Structure formats: C-alpha cells, structure tokens
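Visitor: Residue numbers (full-length UniProt numbering): 1 to 298.
Would you mind keeping the following structure in view while I ask a few things?
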Amino acid sequence: MSGTGSLPSTAEVALIGSSGFIGSHTKAALAEQGVTVRTLSRREIGPAGRPVDIRDARELRLALTGATAVVHSASYIGSDSSLCRSINIDGTRNVVREWQENAHGPLVYVSTAAVYGDHRFHDLVEGAREPAPRTVRSQSRREAELIVLDAGGTVVRPHLVLGHGDRWVADGIRDLLTRFGSLGDAGSARHTAIEVTLLGRVLAELAVSPRRWPAEVFHAGNAEPITVSALIDLLGVPAPGPRSDAAIMTDIATHPAYRFLAADRHLNVDKLAQVYTGSLTSPFSLAPSSAAWYLSRS
C-alpha cells in the first residue's frame, strides 16, 4: 500500500476546523505543498465571506461545492451531551452529505484513540479491537467515525497530540502534579504520541494523494511510544515537592486523568507508515516552535 504525489495546481482542499489546534497545522502543511486551502471554521471568514458552522447544512453546501478534497478536523471536546450530538454527530452527518453531493475527491476525518475506551493496549493494530468508548464525548466521536466510514471516507486516529497550541496534554499533567505532587507509578506507562506539525503533514498528504483509502482507519503517531516520565521531561513540566507513595496512590488512583496516563496506550502505526512518504520511525521530538510554546507556559 502506498500513496504519493499531489493534486493539480487547481486543487482546493476544504479544511473544516482550520483555526483549531490540529486544523491550523494542517493548513500550514497544505500551504507548504502549494495547495489552495478553503478555511472553514466558526472563527475564520470562509469562502462565502463568513464563518462556517458545520451544524448549518446550507453554509456547508456553499463552502464545499467544488472542493477537490475535504479534511474534517472540527470536533467538540467538552462534556455537554447536546453539543456532542449537534456538532460531532449531526455536524459530521452534514459534512458527509454535502461532501457526497457537492465536493470531489477524498474525505479525511480526524478522530481520536479515545474511541477505544479505558482499556490498556500494546501495539494495537487497526481492526484488532472493537472501539468501546466510555464517555459521551468519545461515543459521539465514534458515531462520527461510522458516519464517515459508511460513506467511504478515511478516518485518522491519533492518541496524544502535542506541540504548539496544545492546551490539554501538558496542562493536564501539570494540573495533576500541582494537585498531587507526583504521578505515582504512572511514569513508566507508554503512550503513542505525535507532534502536531507531523500530524498536519500526514493529514495533508492523505488529502492530496492520488491514492484513495475509502472506509479505512489509520492510527497516527510515532512508531516508538514514549513513557510518561520522558514526556514530562520533554514538556518541561516541573513537579512540586515529593509526597509519600501511599498518600499519592490513595488520593490519585481514582482521578480520571491519572487513570488515563497510568495505562499503556500504544498504537501500531505500520499501516500509516506504508502510505505516508515521510518518517514515523524517529523517536518522538518537538519542533523548535513547540518546545518554545511549552517553555512559555511552564
């Protein structure tokens, strides 16, 4: 399986969620390839001269008509169940319908490994385990996946996405350390991570490649997982003074963020490595701009 090359110079990729963390880096990656990008978000002026909300099918129709590919990176990541449904499920259904009727080329949807639920996984291959999302948010992302896959779109599942603009991973670790003084025995847990610049390049390449991967799921990340301890060092997150292990474990063991970090979550990315023309085998590292971002927030 391989896919290289790019769309013709007249290509226009509709990028939904272009002002977000992942979307903004995907926009930069597409621009690097000389591709015209239609920026579609609620915070940017779209091709029709106004922002685009995926809950509005008419706005989407105007924005997607004639696009040669669509990257859908707009998701609600809060806990409001009504917004999970209206944005992640109904909004994605709108995207798929307008893509099918008015656009051309592939649809690439950015999902999350959170659809696998709370389970530990080691070198998990796509299709080897049925998703079992536990939260309303993750359930809605899984339902969005199914909508995309049923229509012949492509789904990309990253786990930890790090880099310039990250306000979730590093801040979550910092909050745990501030509250509990340590992460107990979570430091040895291994996670699949990807720098957001690299993820943007992966998404851009899947969108512009002459190859198509209908109804396919790809795990996205560096091939070698990173330990939580190494991640803390890399992000420059300072730990407060130590506390006894017994006190830590009593306080922290039931905290959702701790349970998330303490379990190995290692995705196999061989399938993506076979189609992406760049490298996924290098040890995880941060781009200079990302390192500076975390330093500014430490």
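Where a beta carbon is used, it is the ideal one built from N, C-alpha and C, also for glycine.
These figures come from a predicted structure and were not determined experimentally.
Buried or exposed for residue 337, going by 16 or more other Cβ atoms inside 10 Å?
Guide: Absent from the structure is residue 337, since the part of the chain shown begins at 1 and ends at 298.
Visitor: For Ala189 and Leu162, I'd like the C-alpha separation in whole angstroms.
Guide: Their backbone Cα atoms lie some 17 Å apart in a straight line.
Visitor: Near residue 299, what residues of its chain come up, given a Cβ to Cβ distance below 8 Å and the 5 sequence neighbours on each side ignored?
Guide: Given that the chain is displayed from residue 1 to residue 298, the structure contains no residue 299 and the question cannot be resolved.
Visitor: Based on the DSSP output, what are the partners of Ala220 in its beta bridges?
Guide: Paired residue(s): Pro158.
Visitor: Could you check if Asp150 is buried or exposed, using at least 16 other CB atoms within 10 Å of its CB as the buried criterion?
Guide: So Asp150 ends up on the exposed side.
Visitor: Would the beta-carbon of Asp123 be found less than 6 Å away from any heavy atom of the ligand FMN?
Guide: Judged by which ligands are present, the structure shown has none, so any question about the ligand FMN falls away.
Visitor: Taking three-plus beta-carbon pairs below 8 Å as touching, is the region 129-148 in contact with the region 79-95?
Guide: A contact exists between the region 129-148 and the region 79-95.
Visitor: Just to confirm, is the Cβ distance from Val269 to His219 under 7 Å?
Guide: Yes; because the gap between Cβ atoms is below 7 Å, this pair is in contact.
Visitor: If contacts are defined as beta-carbon pairs under 8 Å, then Ser290 and His164 qualify, I think. What distance do you get, rounded to the angstrom?
Guide: Contact holds; Cβ gap of about 5 Å.
Visitor: Would you report the Cα separation of Thr250 and Trp213, rounded to the nearest angstrom?
Guide: The straight-line gap from Cα to Cα measures roughly 47 Å.
Visitor: Inspect the beta-carbon positions of Asn94 and Leu60 and report whether they are closer than 7 Å.
Guide: Yes.
Visitor: To which residues does DSSP link Val71 through a beta bridge?
Guide: Answer is Leu15, Val108, bridged to Val71.
Visitor: Alpha carbon to alpha carbon, how far is Thr135 from Pro225? Give it in angstroms, no decimals.
Guide: For Pro225 and Thr135, the distance between alpha carbons rounds to 24 Å.
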